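The block underneath contains the structure these notes are about, expressed in structure tokens.
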Amino acid sequence: MEPLLVVKDLKKYFPVKKGIFFGERAELRAVDGVSFEIRRGETMGLVGESGCGKSTTARLILRLLEPTAGEVYFGKTAVFTANKEEMRQLRRKLQIVFQDPYSSLDPRMSVEEIVGEGLTIHRLAKGKEKSERVAELLEMVGLGREHLGRYPHEFSGGQRQRIGIARALAVGPELLIADEPVSALDVSIQAQVINLFEDLQKELGLTYLFIAHDLRVVKHISDRVAVMYLGQIVELTESDELYRNPLHPYTQALMSAIPAADPRPKGRRMVLEGDPLSPIHIPSGCRFHPRCPKRFDRCDKEEPVLREVSAGHWVSCHLY
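The working numbering applies: residue -7 is where the sequence shown begins, and numbers increase by one.
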């Protein structure tokens, strides 16, 4: 089966001033050579700590940002070379649910206007047909027709995120990018929203790129998981395999930090040295080596490449 989305050697560097007084120029390497594929109907999880480049990767895929280098293909369409009309068609097929349900909705627009905006822009429905379609979308995400005339400030965080999901679904997308869609919600609401994503995928045949920093959430919803560190993917494999057999020391550290329901210790927690590094000051060799408890001489001299060490299990580490 051909992949629905192909990302090849994607890079995004932002110019920054290095010195306040002398105006020295430097580069912030937010995304630095990311490659992966997503098959139709699957959920790809993308995880990593804050600042590793997850959200920037999402915005590049949607062409909300222009890349420094690399390619993205949706089906057979090259996203970065698509013309205005091709991008208009792609906007329908590629949609995003943002992290913050409070700032992603216009407070001056009613729910009917917010969810129906895409229908108007793409000329999919108008008048009574549009109102009926919006009502159907609201019911699909667990809200009701009585919410059509209300405004964002009248809803809870979980309800606002449902409105954001309905808005993304309005134009009939094939790929939905969920950019940490539950991180701003109460824990009690997170499971409800995750279950909604799963139900919608079964009902509508959606494909997801699900971005998160909470490994428990990703385990629940993802078929495959890519782990990012400092702008690069360091491990990529099936979800069950990653949680059963994490290979990269960074992935192992993330796994050891997951709170366990059983208070009895099941293994020693791996504590990383120092603070997360800046994407402006990338170290030589393996970019994880300054914090890695398993580093050796080769690590600070030679940058590892992402290689397949077993069937479907890719890792970027000199240990393998």
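Using N, Cα and C, we set each Cβ at its ideal position, and we do this for glycine too.
Since the model is a prediction, treat every value here as computed from it, not as a measurement.
List the whole-angstrom C-beta distance separating residue i from residue j, where the pair is believed to meet the contact cut-off of C-beta under 8 Å.
i	j	result
alanine 127	leucine 116	With a Cβ gap of about 15 Å, alanine 127 and leucine 116 do not count as contacting.
aspartate 171	phenylalanine 90	6 Å
leucine 38	threonine 49	7 Å
glycine 197	alanine 162	16 Å between Cβ atoms; not a contact.
threonine 69	glutamate 78	6 Å
lysine 122	glycine 108	5 Å
cysteine 291	histidine 273	Wrong, their Cβ atoms sit about 17 Å apart, outside the cutoff.
alanine 158	leucine 177	In fact, because the Cβ distance is near 16 Å, the residues do not count as touching under 8 Å.
Note down the Cα distance separating residue i from residue j, rounded to an integer number of angstroms.
i	j	result
alanine 249	glutamate 104	42 Å
glycine 150	aspartate 191	16 Å
lysine 293	arginine 236	30 Å
arginine 84	isoleucine 106	16 Å
aspartate 206	alanine 74	34 Å
alanine 303	proline 275	30 Å
tyrosine 242	cysteine 284	7 Å
serine 214	methionine 101	34 Å
leucine 246	phenylalanine 147	34 Å
glutamate 295	phenylalanine 189	37 Å
lysine 286	arginine 279	13 Å
glutamate 29	valine 297	17 Å
asparagine 187	arginine 17	46 Å
serine 308	leucine 269	18 Å
leucine 86	proline 271	28 Å
Leaving out five residues before and five after residue i in sequence, what residues of the same chain have Cβ atoms less than 7 Å from its Cβ?
i	result
arginine 208	Ile250
glycine 45	Ala22, Val23, Met220, Gly223
proline 173	Val89, Gln91, Gln153, Val185
cysteine 76	Cysteine is not the amino acid found at residue 76; the sequence shown has lysine there. Result list for lysine 76: empty, nothing under 7 Å.
aspartate 98	Ile106
histidine 114	Arg84, Val163
lysine 3	Val23, Asp24, Gly25, Pro59, Thr60, Ala61, Gly62
For residue i, tell me which candidate among the options has the shortest Cα-Cα distance.
i	options	result
lysine 194	Thr35, Ala18, Leu20, Ile155	Thr35
histidine 212	Ser231, Glu63, Ala218	Ser231
glutamine 81	Ala204, Asn187, Glu166, Arg17	Glu166
arginine 142	Met132, Ile155, Gly134	Ile155
leucine 201	Glu19, Glu146, Leu54, Arg279	Leu54
glycine 315	His281, Ser308, Trp306	Here the chain has residues from -7 to 312 only, and residue 315 is not among them.
glutamate 227	Lys9, Gln87, Val26	Val26
valine 217	Gly40, Glu77, Val64, Cys284	Gly40
tyrosine 94	Gly164, His145, His310	His145
aspartate 1	Tyr65, His310, Leu135, Ser42	Tyr65
histidine 305	Ser270, Leu234, Ser47	Leu234
serine 175	Ser42, Val8, Glu29, Leu52	Ser42
To which residues of the same chain is residue i closer than 8 Å at the C-beta, ignoring the five residues directly before and after it?
i	result
tyrosine 312	Leu239, Arg299, Val301
Here's a check: name, in chain order, each residue in its chain whose Cβ is nearer than 6 Å to the Cβ of residue i, leaving out the five neighbours to either side.
i	result
tyrosine 5	Glu19, Arg21, Thr60
serine 96	Phe90, Gly156
leucine 264	Ala245, Arg283
Those runs of the alpha helix (DSSP H) which lie wholly inside the region 185 to 267 and span at least 4 residues: 207 to 213, 231 to 236, 241 to 248
Beta strand (DSSP E) segments (min. 3 residues) lying fully within the region 154 to 186: 167 to 171
Segments assigned beta strand (DSSP E), at least 3 residues, entirely inside the region 44 to 82: 61 to 66
Those runs of the beta strand (DSSP E) which lie wholly inside the region 85 to 139 and span at least 3 residues: 86 to 89
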